[in-house]
Structure formats: structure tokens, C-alpha cells
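Data first, discussion second: the structure below is written as C-alpha cells.
2 protein chains.
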Amino acid sequence: MVVDTFAFPGAIPVDYSMAGRCCVVLDVLRATTCMTTALAHGAQRILPVAEVEEALALRAAAEEPVLLCGERGAVRISGFDAGNSPLEFTEEAVRGRTLVMTTTNGTRAILAASGAARILIGCMRNAQATAQRALEAGLPVTLLCAGTAGRYSMEDVLAAGAILAAMGAEADDLGQTARILWEQHKTDPIPLLRHTRHTQRLIALGMEDDVQFCMEPSVTDTVPEYRDGAVKLPGNP
Amino acid sequence: MVVDTFAFPGAIPVDYSMAGRCCVVLDVLRATTCMTTALAHGAQRILPVAEVEEALALRAAAEEPVLLCGERGAVRISGFDAGNSPLEFTEEAVRGRTLVMTTTNGTRAILAASGAARILIGCMRNAQATAQRALEAGLPVTLLCAGTAGRYSMEDVLAAGAILAAMGAEADDLGQTARILWEQHKTDPIPLLRHTRHTQRLIALGMEDDVQFCMEPSVTDTVPEYRDGAVKLPGNP
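Taken in sequence, the protein lines are chains W and C.
For what it's worth, my numbering labels the leading residue of the first sequence as 798, then goes sequentially.
For what it's worth, my numbering labels the leading residue of the second sequence as 798, then goes sequentially.
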């Protein structure tokens, strides 16, 4: 079975069907890394929404206090409780809580995957565990990178390569490229990213620690899933 | 100036403007290799058209005899004079003639570039010369890969890498990936392609010689241009 890899949601052919597939969504810098980190630190669930207005409306309607998180242009949205840095999602900040999250690329990618039978939230930090979970699903697999502003983004493709390598699966042309990148840079991925668009922007904003954190490969077994409108752990209600 | 690289026409963002740019169109297997080879062998001009019916109509309306060439699914179109193998475009077959050509991916990519100020026809065989011509144009540069059926295709990205390396220009994330592929495989690109989709199809159809020919890097200085509906050499009327 050949695993399909797409560099961003708009790269999915119009006649491509997600039905019956296991789709892994990757937005390494930083949405899916944030989600993985928040759930690993005990968050109850994350509600990803496309627009700031939806996030505000969800908070207003919620019966329990929710944590509002998200960014536009990599910067925390005014009035929100948190931005899009995984370092903000400490156990103290998130344990037992519901997060409402809106990010530029990651949220859109999750919504683009919504026809899939299973939607896994992947990143570099859970690459190995995500590969395992995707294999266990027993379904054809799609790796859907979020990309950056509708374009190919190196860090997501690199994480796709890490997952493909761990899966040992046959890959399409982009997946083969991703594996080459990964095999060549797995011992230290940071230099590869130093001249890429998204990393350069985060470094310019003083967020180099985020990049370091997001690029640590396979340090957690937490693999969130998206179902019924929420990102959560398989065991969570 | 950062060179933009797109893996296929549908990967161009909707708000991206080709105006004022020099766009290099790459369909290594095999349309742009055919065009380069035909013009290097003395063809007068090539009229790329999207549909078989258009090609037939152009032949019917032509005052001089034209050579009808093209493929669907890598196979010569029934009733056409030639398919899409560069080995068919010998000097004997093409010298002084007008070719009407319709191919699945290459023709579409040329039409997608039609808003650009200059449109160069690039391939692996003219990579170095194309890089030189793109630099001389003095315009921002876009490398537009044709891809295969609306998806990323390794051989086109590899040729983009060869051109970027020869240009010595700054590249976006996909261009950086392309350069890594190229630097790693420039002494012998064939093994890299052996498991890719398009190459596998051509080999299955007995066209391995085509792949060998198309992947020879920088063996010709011929760089066709597309203008006024025709692909021709800068000097040709």
C-alpha cells in the first residue's frame, strides 16, 4: 500500500477521497505540536476552529471555563489566553481543561481531513508513535502537511519523512523526497530548517526555543485524534 | 531575490501573480524535453494545445504540413504523427517544420504560466543554459514544475534543483528541497527516480531509453521560449 503525502491542503487533487482512510495531519510549527503537548500534559480536549469569531463565541457559550489559544502571523491573538507556543501548554496551564484553538494553517488542515475515517494529529515529537498508530489503523494512509500559507513548508515534509521511515511503508514521490530529507538530517534537523520560511519567521520573532522543542523527534507516545469536532486522546470522553 | 518553485500548476496560490516574472516551465518526462530536442534539431516552432480536438483543427487549418505530436497516459495519440518521446524528434523528422503538440501535464503548465513576462522551456538537458537565461532576464524567477496528474513529481523537482544550483539563487522551501535532491543525486539521478510514479510507468511501457535521455543534465544550450502561442527559439520568427 502506497502512503500518499500532500504538502498542504490545496495540493490534494479535487477528485481525491479521504473516505475510508487514516489521515495524519502535520503542522509541526506549531499547531499539531501544541495539541500533542497540551494533551500529553492533561488537557481534556481541544476544539479547533477556523476563525477568531468562532473561538470567542465558543468561549461565551461554554459551561466551563475554557482556554482560548491561537495565533495569526505566528503572534498571539489579542484577548486570548495563550498563543501558539507549545512551551505555554504546561501541565499547570492545561490539566483537565478544554482548549479552543485557532491557528492559520493547522486548523485548516484538520478541517481538510474531515472526510477521513480516522484523523491522527502528528508532529515531530510523536513521529514514531504516530507511525505505529497509523499502521494499527489498518487503513490506507494519507499524510497531510499543513504547509505555510498554502505553500510547501520544509518542517512538515521532514516530519512526514520521519513517520514514513518509522512506518517502513511505500511512498509516493513527495513521500520519497520526505524520507530522503529525513534520513539525511535526522541526527540534527535544525540546520536544514535554518533558511526555511517559517523557521526564519519564528527566529525573527524570538521563538527559537519553540523551533528546538518542535523538532525533537519521537519523544512522546501521545497521539491525539480528531473526532466529533474535538482533538483528544483515544481514551478521553 | 528568492526564486519561487511550484510542484505543479495547482500548487500556485490563487493570489500569486506571474506578471513581470520570468517563469521556467519544467516537464522533464517528457514534454519540455521533447520541445527542447525538437528545436535543437531545427524545428521551426511548436504550438502547444490542451486538447486533441484543437490539435486536429490546427492541422486542418494549417497552410503548410504540420507534425502532430502528443500523448495521453504516456502513449501516442491515435492518428498522430509522433508521440511524446524525445527520441522521435530527430533532425530528419522535424527540421524546418511546425509541430502541434498536446501532452497531459506539460501543455497545461505552459498555459498556467501564460501571465508571465517571459516563459522559458526548461528540462534537465538544458538546466545550466536555462539558469543562465533566467538570470539574464533580470526579472523575479518562478520555476513551475508540470508534475504528474496534479501531483508532485520527483523528476521535475530534481530538474528545478539543477537549475537553482546553477543559478546560485536563494530558494523557497521547495526549492531548497530540490537543491538537496540535486546535490545528492547529480552524478547519477536515475536510481533516485527508479521508484517514482512517472518513471515506473515509462519503464513498464518499455520507455527506459526515454528516461535515460531525459535525465542527462546540461547537454544542450537550446532554451526555447513560449510567446504569442508558440514555443520557439529566441531567434525564430
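Using N, Cα and C, we set each Cβ at its ideal position, and we do this for glycine too.
All of these numbers come straight from a predicted model, not from anything done at the bench.
Name the chain C residues whose beta carbon is nearer than 7 Å to that of residue i?
i         : result
His992/W  : Gln973
Tyr1023/W : Here the premise fails: no neighbours, minimum Cβ distance about 24 Å.
Rounded to the nearest angstrom, what separates residue i and residue j at their Cα positions?
i         : j         : result
Arg922/W  : Val822/W  : 13 Å
Pro1031/C : Met898/C  : 19 Å
Ala914/W  : Ala808/W  : 20 Å
Glu848/W  : Thr993/W  : 27 Å
Thr900/W  : Leu836/C  : 49 Å
Thr887/C  : Ser950/C  : 27 Å
Arg976/W  : Cys1011/W : 18 Å
Ser875/C  : Glu885/C  : 16 Å
Pro838/W  : Thr829/W  : According to the sequence displayed, residue 838/W carries His and not Pro. Between His838/W and Thr829/W, the C-alpha separation is close to 14 Å.
Glu952/W  : Ala1001/W : 17 Å
Tyr813/C  : Glu980/C  : 29 Å
Ala956/W  : Ile916/C  : 35 Å
Met1004/W : Arg873/W  : 12 Å
Thr974/C  : His995/W  : 14 Å
Ser1015/C : Asp878/C  : 28 Å
Pro806/W  : Leu990/W  : 21 Å
Pro986/C  : Leu999/C  : 16 Å
Val1028/W : Ala934/C  : 50 Å
Thr833/W  : Val811/C  : 32 Å
Glu851/W  : Pro937/W  : 33 Å
With a cut-off of 8 Å, does the C-beta of residue i fall near any C-beta of chain W?
i        : result
Met741/C : Residue 741/C lies beyond the stretch modelled for chain C, which goes from 798 to 1034, so this question has no answer here.
Asp985/C : no
Val954/C : yes
Ile977/C : yes
At a Cβ threshold of 8 Å, is residue i touching chain C?
i        : result
Gly947/W : yes
Ala804/W : yes
Name, please, each residue of chain W whose Cβ falls closer than 7 Å to the Cβ of residue i.
i        : result
Pro810/C : Gly947 and Arg948
Just the chain W side, please: which residues come within less than 9 Å of residue i by C-beta, in chain order?
i        : result
Leu853/C : Simply none; closest approach about 27 Å.
Which bits of chain C does residue i rub up against, with CB to CB less than 9 Å?
i        : result
Leu823/W : The contacting residues do not exist; Leu823/W stays about 14 Å from chain C at best.
Counting only Cβ pairs nearer than 8 Å, list the residues of chain W close to residue i.
i        : result
Asp969/C : Arg948, Tyr949 and Arg994
### Message
When you compare the stretch 857-871 of chain W with the stretch 803-819 of chain W, are there three or more beta-carbon pairs, one atom per stretch, that lie closer than 8 Å?
### Response
no
### Task
Check whether the stretch 924-941 of chain W touches the stretch 849-861 of chain W, taking contact to mean three or more Cβ pairs, one atom from each stretch, closer than 8 Å.
These segments do not touch.
### Message
Restricting to runs no shorter than 3 residues, where is the beta strand (DSSP E) found entirely within the stretch 876-934 of chain C?
### Response
895-899 and 915-919
### Query
Counting pairs of Cβ atoms below 8 Å between the stretch 959-970 of chain C and the stretch 1017-1026 of chain C, do you hit three or more?
no
#### Entry: Inter-stretch contact at 8 Å, needing at least 3 Cβ pairs: the stretch 901-913 of chain C / the stretch 937-946 of chain C
yes
### Query
What are the complete beta strand (DSSP E) segments, minimum 3 residues, inside the stretch 820-878 of chain C?
842-845 and 863-869
### Query
Which whole runs of the alpha helix (DSSP H) in the stretch 991-1017 of chain W are 4 residues long or more, in chain order?
Counting whole runs of 4 or more residues, the stretch 991-1017 of chain W contains the alpha helix (DSSP H) stretches 994-1001 and 1005-1011.
### Query
So does the stretch 833-853 of chain C actually touch the stretch 891-901 of chain C, counting three or more Cβ pairs closer than 8 Å?
yes
### Task
Decide if the stretch 967-985 of chain W is in contact with the stretch 799-809 of chain W; the criterion is three or more beta carbon pairs, one per stretch, under 8 Å apart.
yes
#### Entry: Sequence ranges, alpha helix (DSSP H) only - wholly within the stretch 932-993 of chain C, length at least 4
951-964, 970-982 and 987-990
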